[in-house]
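K.L.:
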Amino acid sequence: MLAWVPSGSPDEALLRQVDFERLPAHVAIIMDGNGRWASSRFLPRVEGHRAGIHAVRDVVESSARLGIQVLTLYAFSVENWKRPASEVSTLMMLLKRYLRSELDTLLRNNIRFRVIGRPEALAPDIQQELADAEARTASNTGLIFNIALNYGGRAEIVDAARRALVEGVKPDDLDEGRFASLLYTAGQPDPDLLIRTSGELRISNFLLWQIAYAEIWFTDTLWPDFRRRHLLEAIVDFQKRDRRYGGIGQPALAR
Ligand code: FPP
Numbered sequence: 002m003l004a005w006v007p008s009g010s011p012d013e014a015l016l017r018q019v020d021f022e023r024l025p026a027h028v029a030i031i032m033d034g035n036g037r038w039a040s041s042r043f044l045p046r047v048e049g050h051r052a053g054i055h056a057v058r059d060v061v062e063s064s065a066r067l068g069i070q071v072l073t074l075y076a077f078s079v080e081n082w083k084r085p086a087s088e089v090s091t092l093m094m095l096l097k098r099y100l101r102s103e104l105d106t107l108l109r110n111n112i113r114f115r116v117i118g119r120p121e122a123l124a125p126d127i128q129q130e131l132a133d134a135e136a137r138t139a140s141n142t143g144l145i146f147n148i149a150l151n152y153g154g155r156a157e158i159v160d161a162a163r164r165a166l167v168e169g170v171k172p173d174d175l176d177e178g179r180f181a182s183l184l185y186t187a188g189q190p191d192p193d194l195l196i197r198t199s200g201e202l203r204i205s206n207f208l209l210w211q212i213a214y215a216e217i218w219f220t221d222t223l224w225p226d227f228r229r230r231h232l233l234e235a236i237v238d239f240q241k242r243d244r245r246y247g248g249i250g251q252p253a254l255a256r
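In the numbering used here, the protein residues as written are 2 to 256.
(1) Hey, how far is the Cα of aspartate 33 from the Cα of alanine 149?
(2) With respect to 7 angstroms, is the separation between the Cβ of asparagine 35 and the closest non-hydrogen atom of the ligand FPP below this value?
(3) Could you pull out every residue in the same chain whose Cβ sits closer than 6 angstroms to the Cβ of leucine 166, ignoring the five residues on either side in sequence?
(4) Helix, strand or coil, according to DSSP, for glycine 53 in the structure here?
(5) Can you check which of these residues, Ile196, Asp105, Ala134, is closest to histidine 27 by C-alpha distance?
(6) Can at least three beta-carbon pairs, one atom from the segment 134-144 and one from the segment 105-118, be found at a separation below 8 angstroms?
(7) Using a Cβ-Cβ cutoff of less than 7 angstroms, which residues in the same chain neighbour alanine 156 once the five nearest sequence positions on both sides are dropped?
(8) Leaving out five residues on either side along the sequence, give the residues of the same chain with a beta carbon under 7 angstroms from the beta carbon of glutamate 168.
(9) Just checking my contact of isoleucine 236 with proline 25 at CB under 8 angstroms: how many whole Å lie between their CB atoms?
(10) Quick check: is any heavy atom of the ligand FPP less than 7 angstroms from the C-beta of arginine 17?
(11) Measure from the alpha carbon of glutamine 70 to the alpha carbon of each residue in Asp193, Ala161, Gly153, then state which is nearest.
(12) Straight-line CA distance for proline 30 to phenylalanine 77?
(13) Between leucine 95 and arginine 163, what straight-line distance do the alpha-carbon atoms span, to the nearest angstrom?
(14) Which of the three DSSP states is assigned to valine 170 in this structure?
(15) Following the continuous beta strand (DSSP E) through asparagine 147, name the residue where it begins and the one where it ends.
(16) Leaving out five residues on either side along the sequence, give the residues of the same chain with a beta carbon under 7 angstroms from the beta carbon of isoleucine 158.
(17) Quick one: what does DSSP say serine 140 is sitting in, helix, strand or coil?
(18) So for threonine 220, helix, strand or coil by DSSP?
(19) Near phenylalanine 239, what residues of its chain come up, given a Cβ to Cβ distance below 8 angstroms and the 5 sequence neighbours on each side ignored?
(20) Contact check, asparagine 151 vs alanine 122 under 8 angstroms by CB: the rounded distance?
(21) Between which residues of its own chain and glutamate 88 is the CB-CB distance below 7 angstroms, once the five residues before and five after are set aside?
(22) Any idea if aspartate 191 is buried or exposed, counting beta-carbon neighbours within 10 angstroms, 16 or more meaning buried?
(23) Please list, in chain order, all residues of the same chain as isoleucine 117 whose beta carbon is under 8 angstroms from its beta carbon, the five residues on each side excluded.
(24) Under the criterion of a Cβ to heavy atom distance below 7 angstroms, does tryptophan 224 qualify as lining the ligand FPP?
(25) Going by the C-beta, is histidine 231 closer than 7 angstroms to any heavy atom of the ligand FPP?
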């Protein structure tokens with residue numbers, strides 16, 4: 002594990018502090034600050050998104066190598082359509098380019114790519130690209146990499162309620178476990194660790210159901226500057242916390 006970080010680096014020092022027996026099973030990230038990263042360099046906002054791809058690549062690969070089970074990145078919310086059309090189309094273009102250039106890396110690293118959200122509202126060529134990446138990585142057994150696209154936490158809960166109705170779930174059969182099985186993240190562990198970059202202290206309609214017991218780690222680092230070191234810092238901090246799940250020391254919920 003230590004072989005992939007330069008010896009004597011801050012990353013190595015952090016890696017030595019990580020307890021691999023107590024890794025967060027699921028890490029979810031609100032990638033924020035691309036626009037401010039670009040503005041501070043007198044660049045157009047989209048340059049921040051372009052730079053953000055390097056952070057995505059680094060975090061996906063690092064999560065896979067660490068042995069994290071699930072990584073969820075919030076790439077495009079149901080509210081993001083309010084942005085200028087040119088910014089939306091650049092984001093979609095970057096996504097397409099990312100998938101084309103990274104598919105081999107995802108395959109090589111045994112990563113399973115999944116889309117959560119309402120992808121049916123995206124352009125047909127993007128949907129095709131996403132579906133291809135999902136299909137080609139479907140049998141991978143390592144990291145599950147969820148990308149949240151046209152995603153909203155409330156929309157997800159509404160979609161789950163609709164599915165319950167369509168599937169004819171009886172009211173008496175609908176408990177928390179059954180409801181969770183109707184969400185986009187069915188079968189996956191809930192996030193243990195939620196990271197938000199850029200100093201904003203909000204949840205922004207992300208994984209509202211699933212983050213019930215997540216530990217939250219905020220950083221002032223802007224997303225394009227986020228790297229493995231920051232992920233390791235978040236994990237080390239997470240492992241110092243006392244998770245009580247509403248109890249007094251023992252998990253009150255069976256996990
Ligand atoms: C928030 O920054 C970031 C986004 C809305 C998009 C995140 C997308 C990427 C990192 C690139 C595409 C992703 C993949 C997985 C290929 P902001 O624009 O809200 O920044 P600001 O708050 O500083 O304005």
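Even for Gly, the Cβ is constructed at its ideal location relative to N, Cα and C.
P.N.:
The structure says:
(1) In this structure, the alpha-carbon of aspartate 33 lies about 14 angstroms from that of alanine 149.
(2) Inclusion of asparagine 35 in the 7 angstroms shell around the ligand FPP follows from its C-beta lying nearer than that to a non-hydrogen atom of the ligand.
(3) So no residue of the chain qualifies.
(4) Helix at glycine 53.
(5) Checking every option, the nearest Cα to that of histidine 27 belongs to Ile196.
(6) Yes, the segment 134-144 is in contact with the segment 105-118.
(7) Listed in chain order, the non-local C-beta contacts of alanine 156 below 7 angstroms within the same chain comprise Val79, Arg119, local neighbours out to five positions each way being set aside.
(8) Same-chain partners within the cutoff: there are none.
(9) About 7 angstroms separates the two Cβ atoms, so the contact holds.
(10) Checking the Cβ of arginine 17 against the ligand FPP gives no.
(11) Among Asp193, Ala161, Gly153, the Cα nearest to that of glutamine 70 belongs to Asp193.
(12) Per the sequence presented here, residue 30 reads as isoleucine, with proline not at that position. Going from the Cα of isoleucine 30 to the Cα of phenylalanine 77 covers about 12 angstroms.
(13) Computed Cα separation, rounded: 32 angstroms.
(14) Here valine 170 sits in coil by DSSP.
(15) Per DSSP, asparagine 147 is one residue of the beta strand (DSSP E) stretching across 145-152.
(16) Hits under 7 angstroms: Leu209, Trp210.
(17) Looking at serine 140 - three-state DSSP - the assignment turns out to be coil, as it is neither helix nor strand.
(18) Coil, per DSSP.
(19) Around phenylalanine 239: Pro25, Asp193, Leu194, Glu216, Trp218.
(20) Sure, about 5 angstroms apart at Cβ, within 8 angstroms.
(21) Excluding sequence neighbours, glutamate 88 sits near Arg46, Val47.
(22) Taking every protein chain shown into account, the CB of aspartate 191 has 16 or more other CB atoms within 10 angstroms, so this residue is buried.
(23) Residues Thr73, Asn147, Ile148, Ala149, Leu150, Tyr152, Glu157, Tyr185, Thr186 of the same chain have their beta carbon placed closer than 8 angstroms to that of isoleucine 117, with the five preceding and five following residues left out of the count.
(24) Answer for tryptophan 224: yes, Cβ within range of the ligand FPP.
(25) Every heavy atom of the ligand FPP is 7 angstroms or more from the Cβ of histidine 231, so no.
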